[in-house]
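Okay, structure first, notes after.
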Amino acid sequence: MTAGSSLGTLLGRMRGRPADDVPAPVTATARWTPSGLDLAFPPGEDVTEVVVRRVARDAFGEVSVPVVEAPDGAGRHATVPDAALASLVEDRPRSFAVLAVRASEVPPADDAEPGLPVHVELVDDVERRLPAGPGAVDDAPGARTWTYPGRTGALMVRLAPDGLGPRPRFRVLRVRTSGSVLRVDGTVEADATSALVHLELRAQPSGVVLRSPAVLTAPRRAVPTHRWTHDLTVEADVSALVDRCREQGEELESVQVRLVESSTPDDPRTVGVGLPRRARIVPLRELRVSAGDRVALVLPYQTFKARNLAFRVEHHSRADHRFLRRLTAVGWAFALARPFARVWLVGEMPYKAQDTGARYFEWLRTRHPRRRVYYPIAADSPERARVEHLGNVVVHGSRRHMVLSLLAQRVVSSHHAEYVLASRTRAMRRWARGNRVFLQHGIMGVKNMVLNYGRTAPEFSTDRFLVSSEREKEMIVNDFGYRPRQVAVTGLSRFDRLLADPVEDPRGVVVIPTWRDWLQGQAPIEDSEYLLRWREVLEDPRLAGLAAAGHPVTMILHPNMRHHAALFEAPGVTVLRQGDADVQDLLRSHAALVTDFSSVALDFAIQHRPVHYFQFDRPRFLGRRPSHLDLEHDLPGSIHADAGSLLDALVAGAASGWTMSAEHRRRADALVTHRDTRSCERIDAAVRSTRGPRVAASRLRDGTTGRRLYAVVRRSTAYFPVAKAAYRVARLLPRRDTVVLESWNGKKYGDSPAAMYEELVARGSGLRTVWITSDTFRPRDPATVKVARLTPRYYWELARARYWVSNQNFPHYLAPARGTTYVQTWHGTPLKCMQFDAVSTTGRDTGYLDRSLRMTGYWTQLLSPSPYASARFRSAFRFEGEMVECGYPRNDLLVAGDLAGTASAVRSRLGLRPDARIVLYAPTFRDDVRSGRGFGVDLPVDWAELVAALGDDGVLVVRLHSIVASRLVLPEEVAGRVVDASAYPDMQELLAAADVLVTDYSSSLFDFALLRRPMVFFCYDLERYRDELRGFYLDPEQDLPGPVVRTSTELSLALRDALATPEADRGRIEEFVRRFAPWDDGRAASRAVDAMLARGTR
1 MTAGSSLGTL
11 LGRMRGRPAD
21 DVPAPVTATA
31 RWTPSGLDLA
41 FPPGEDVTEV
51 VVRRVARDAF
61 GEVSVPVVEA
71 PDGAGRHATV
81 PDAALASLVE
91 DRPRSFAVLA
101 VRASEVPPAD
111 DAEPGLPVHV
121 ELVDDVERRL
131 PAGPGAVDDA
141 PGARTWTYPG
151 RTGALMVRLA
161 PDGLGPRPRF
171 RVLRVRTSGS
181 VLRVDGTVEA
191 DATSALVHLE
201 LRAQPSGVVL
211 RSPAVLTAPR
221 RAVPTHRWTH
231 DLTVEADVSA
241 LVDRCREQGE
251 ELESVQVRLV
261 ESSTPDDPRT
271 VGVGLPRRAR
281 IVPLRELRVS
291 AGDRVALVLP
301 YQTFKARNLA
311 FRVEHHSRAD
321 HRFLRRLTAV
331 GWAFALARPF
341 ARVWLVGEMP
351 YKAQDTGARY
361 FEWLRTRHPR
371 RRVYYPIAAD
381 SPERARVEHL
391 GNVVVHGSRR
401 HMVLSLLAQR
411 VVSSHHAEYV
421 LASRTRAMRR
431 WARGNRVFLQ
441 HGIMGVKNMV
451 LNYGRTAPEF
461 STDRFLVSSE
471 REKEMIVNDF
481 GYRPRQVAVT
491 GLSRFDRLLA
501 DPVEDPRGVV
511 VIPTWRDWLQ
521 GQAPIEDSEY
531 LLRWREVLED
541 PRLAGLAAAG
551 HPVTMILHPN
561 MRHHAALFEA
571 PGVTVLRQGD
581 ADVQDLLRSH
591 AALVTDFSSV
601 ALDFAIQHRP
611 VHYFQFDRPR
621 FLGRRPSHLD
631 LEHDLPGSIH
641 ADAGSLLDAL
651 VAGAASGWTM
661 SAEHRRRADA
671 LVTHRDTRSC
681 ERIDAAVRST
691 RGPRVAASRL
701 RDGTTGRRLY
711 AVVRRSTAYF
721 PVAKAAYRVA
731 RLLPRRDTVV
741 LESWNGKKYG
751 DSPAAMYEEL
761 VARGSGLRTV
771 WITSDTFRPR
781 DPATVKVARL
791 TPRYYWELAR
801 ARYWVSNQNF
811 PHYLAPARGT
821 TYVQTWHGTP
831 LKCMQFDAVS
841 TTGRDTGYLD
851 RSLRMTGYWT
861 QLLSPSPYAS
871 ARFRSAFRFE
881 GEMVECGYPR
891 NDLLVAGDLA
901 GTASAVRSRL
911 GLRPDARIVL
921 YAPTFRDDVR
931 SGRGFGVDLP
941 VDWAELVAAL
951 GDDGVLVVRL
961 HSIVASRLVL
971 PEEVAGRVVD
981 ASAYPDMQEL
991 LAAADVLVTD
1001 YSSSLFDFAL
1011 LRRPMVFFCY
1021 DLERYRDELR
1031 GFYLDPEQDL
1041 PGPVVRTSTE
1051 LSLALRDALA
1061 TPEADRGRIE
1071 EFVRRFAPWD
1081 DGRAASRAVD
1091 AMLARGTR
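Rendered as structure tokens:
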């Protein structure tokens, strides 16, 4: 039995009622007994049999249980054994099931679903209420059952392995700090009437833990979940944690904060403390802990991903702390003196002096020694000697540093500017108002860093953002949200030394992995895949062989991993700790680099030396927020997912003399605009020009006041009415030569609008282009502007644009202005009936068709791939405008694109072997399957059986419809053989890589046919879909060019045949293409753009 399994639908077979009558509700009392789920029916309910069936409409079975007279004669009852329930939930990934009752006149003679649905009313048992907490399931070892009334009163049941039940839900209402005490007020929603909650503070790097129990109020029922809600209050004295660390001789650096619900001791549920909205914008006050002559300042901040509460810790002497408080109390006076002091602070992190900050500081002290430029660094830093001889070096956190922080006109840093200040207290940040310049510590793009360095990032602010190329500037403007004037293309200061006087005979391999933010403390790292996979590389005999052959191997870890260097020691490998060597020296002196995602790879590549990426955990490292780069096409090196292929590449590289391929050299050159070793001059000019009223205005807009105001406006009920009104006024203004494009309601870059955009850029049309998207794709034209959907600028751009291009629809309340050409590309040839042709509007509200008719009335042009599609579009959409019969632009890739290169890139992105055969399963969504307020997924698939049909080299790639893309849950036992690609940005690329397509009624089948590859149609609900939900324009069993199957077993057999004999249906596919895709010849985008431009000039 697996986590999140579904139970089934409870069915009652009743007699004595006409089949065409709607049965009256059946009243039942439900309770768990040692034997199973007992249903008691009162006298008058002539129930003869209870049937338990899964929610999914599949053929995986049901269980029938007879209804018998109660021993006391008071009604009838049935007991569904636990073992019977367990037999129905094996290998089922859905989490919940609804127990309902169906009635029929007589038990059916076939396997059809009996009767009409009726309502089950739950009657509370006087002696024992229906539990909302866990109940034992004796016949299902290791499992628990939760039962509770659903929103409509029907009985909901979840059966899951021990410890995987519904998680407690915490809501933090208020966080306060006072002295050394942290207080959290909120609520916890749990399954039981009692809950055990405590606040956990975990010190880093020591791992010391402090736990404080919460005070909970009496529980109350939550509606509509029917779980128990408690108000909670918990306080923790941070001084106790500081004292414990000191007792162990550990220096406290940071503190993690968690709420833990531990009603089940062996299964505690832990969550971060999410800050309330106000606390996310207005910083909390710091905590102070005094002990002897020392003061620890515990400074609250938000974690950059989850935005949970955490703490940094600063340590000062009592005298220095007193000096800091007195100094910041008169911070306003320093604001008056600042223009005359002409002080600059340049630096990196407190313990570092080997990156862009140190290089720029060295250039300043050499070229402009009379400037009052200072470099702060920790007194005990091993890298202090690197800058000490230059003069003007101050001890980080010293009294002199405090004064300079308040006087500084410029704060120039390779990281957050606060690292260069003497303290990160609220008072220091308030009065240290020097203009901030972000040097960066690497070229941006591999990892999505918007939460770290974006314009609205909670812990970061800068007035000028320095980059290395025009391409990177476009990224910082479009993805990070900065204004173009805030971004300057200068190059990194360290490039001047890196590119000057190259080493004549570089030798060996340098290994520089980056860190993982989920590895905190010694124990997690020792047990991590990270350590296991890197040791697999470091201990490989081939690497030792390279070292023995005169190619020395050197490894240096990320600064955040500096405490764990001993774990990576291996024969033949020199492991360096922080400060043992200058990273720039290592990059200059070595012939090849191995890394994973570190930006040093880009530095190394611009020397035109080979880079090898070891990306074994790419999905987890990149997380939900995709990279700003197309890693397969943009990274200047080879990418490996396993140690074997990496070591093979290194051995081959040594044999070839460590040469860089021409393609990787081209990619490396695209990373930097300037290779003239004058980056520091350009940086200096950018730093000096960071001043003026625009800087002050940007700070007001992006600071606490501006962010709070914008948040209030966006949450206001008046926002959309005002935005609509402003749009109506703006569209009266003259048209601008702008094309606004959108795919999938702004979720992704792709489909036919993307193909048309690329055609426009290739032509050099001169039109300004705007993409409505939150995607991180890099536009072909750096001048392209990306705009988030429904923002003020969204309405402005639509109101002024001359052209709109979309594959779905813009909001129904936005009518295009007169003179705007609206090109609707649509997103597929229809098999299923749409809109006005559909047999029903199940799953849609009553105004759906009216809105649809209004939106189609806005279209100027509608693209069509065939005469068949044109006729269906006219009928379904009631469209009377211009039909552009040109083919689908998105299919140019499938007809005239680089299929082999695309397929290779897809396999790499999905982490598949180069020789893996891909079976793409791309079902459409179901209008009648709901999940919460949206659509859900319920696939009657035996995943293990499908995997067995693929053979040893096959992989099943699942791509759900965009409406339900986040709903797929796969069993753990098929991990690696079944891959969820629902978030993959481009469906056409997946089609290009697939050897076989499995679908049902998705329009992707018409596109895939262009490749003349086999297809299988898994239509498990064909009759219901045809007769009750949508209907079809074609007869699937007669017209589709491949086998139509109904069950998972039939699908497995059909897949075996398709993989074994891929040419079997070639003739049918050729005829299918002639009928349904006659105009897809690789030039559809060109014809579509021609038609759009011709219409726009009328």
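Heads up: the sequence shown at position 748 corresponds to 748 in UniProt numbering, and the numbers run straight through without jumps.
Backbone N, C-alpha and C fix where the C-beta goes; we use that ideal spot for every residue, glycine too.
- For residue 756, the secondary structure class from DSSP, reduced to helix, strand or coil, is helix.
- If you look at residue 402, you'll find it in the alpha helix (DSSP H) that goes 399–407.
- No Cβ-Cβ contact shorter than 8 Å links residue 1016 with residue 985.
- Residues 320 and 323 of the same chain have their beta carbon placed closer than 7 Å to that of residue 399, with the five preceding and five following residues left out of the count.
- The alpha carbon of residue 946 has as its nearest neighbour, out of 251, 1052, 273 and 983, the alpha carbon of 1052.
- Annotated three-state conformation of residue 1057 is helix, per DSSP.
- Secondary structure in the stretch 703–759: the alpha helix (DSSP H) runs of 4 residues or longer, each lying completely within the stretch, are 704–715 and 719–730 in chain order.
- When DSSP states are grouped into helix, strand and coil, residue 344 belongs to the strand group.
- Out of 830, 970 and 412, the CA that lies nearest to the CA of residue 690 is found in 412.
- The stretch 378–394 makes contact with the stretch 355–365: 3 or more CB pairs, one atom from each, lie closer than 8 Å.
- Here DSSP, grouped into helix, strand and coil, assigns residue 198 to strand.
- Contact check for residue 904 and residue 889: beta-carbon distance about 23 Å, past the 8 Å limit, so the pair fails to qualify.
- Of the residues 603, 201, 644 and 711, the one whose Cα lies closest to the Cα of residue 242 is 201.
- Distance from the Cα of residue 551 is smallest, within the candidate group 728, 190, 654 and 672, for 654.
- With respect to residue 295, residue 239 sits apart: the two C-beta atoms are not nearer than 8 Å.
- With fewer than 16 other beta carbons inside 10 angstroms of its own, residue 648 counts as exposed.
- Under the three-pair Cβ rule at 8 Å, the stretch 1066–1082 counts as touching the stretch 892–908.
- Contact between residue 244 and residue 344 is ruled out by a C-beta separation of about 41 Å, above the 8 Å threshold.
- Annotation: residue 237 is outside any alpha helix (DSSP H); the continuous beta strand (DSSP E) that includes it extends over 228–237.
- Per the Cβ contact rule, the stretch 472–490 is in contact with the stretch 782–790 (3 or more Cβ pairs under 8 Å).
- Less than 8 Å separates the beta-carbon of residue 173 from that of residue 276.
- The alpha-carbon of residue 611 is positioned some 12 Å away from that of residue 663.
- Between the alpha carbons of residue 643 and residue 179 lies a distance of about 51 Å.
- With a contact defined as Cβ atoms closer than 8 Å, residue 635 and residue 613 qualify at about 6 Å.
- In this structure, residue 667 lies away from residue 738, with their beta-carbon atoms at least 8 Å apart.
- Ranked by Cα distance from residue 1019, the first of 1036, 812 and 1009 is 1036.
- Here residue 807 is near residue 753, since their CB atoms are less than 8 Å apart.
- Taking the Cα of residue 183 as reference, the smallest distance to any Cα among 190, 234, 692 and 334 is reached at 234.
- Contact between residue 438 and residue 466 holds: their C-beta atoms lie close to 6 Å from each other, under 8 Å.
- Taking the Cα of residue 941 as reference, the smallest distance to any Cα among 728, 999 and 698 is reached at 999.
- Put simply, of 740, 509 and 302 the residue whose alpha carbon is nearest the alpha carbon of residue 800 is 740.
- Runs of the beta strand (DSSP E) lying entirely within the stretch 871–954 and spanning at least 3 residues, in chain order: 882–885 and 917–921.
- Sequence-distant Cβ neighbours of residue 341 in its own chain, meaning closer than 6 Å and more than five residues away, are 407.
- Collapsing the DSSP output to three states places residue 441 in coil.
- One thing to note: residue 286 has its Cβ no nearer than 8 Å to the Cβ of residue 273.
- By the Cβ rule, the stretch 450–464 does not count as touching the stretch 371–381, because fewer than three pairs are nearer than 8 Å.
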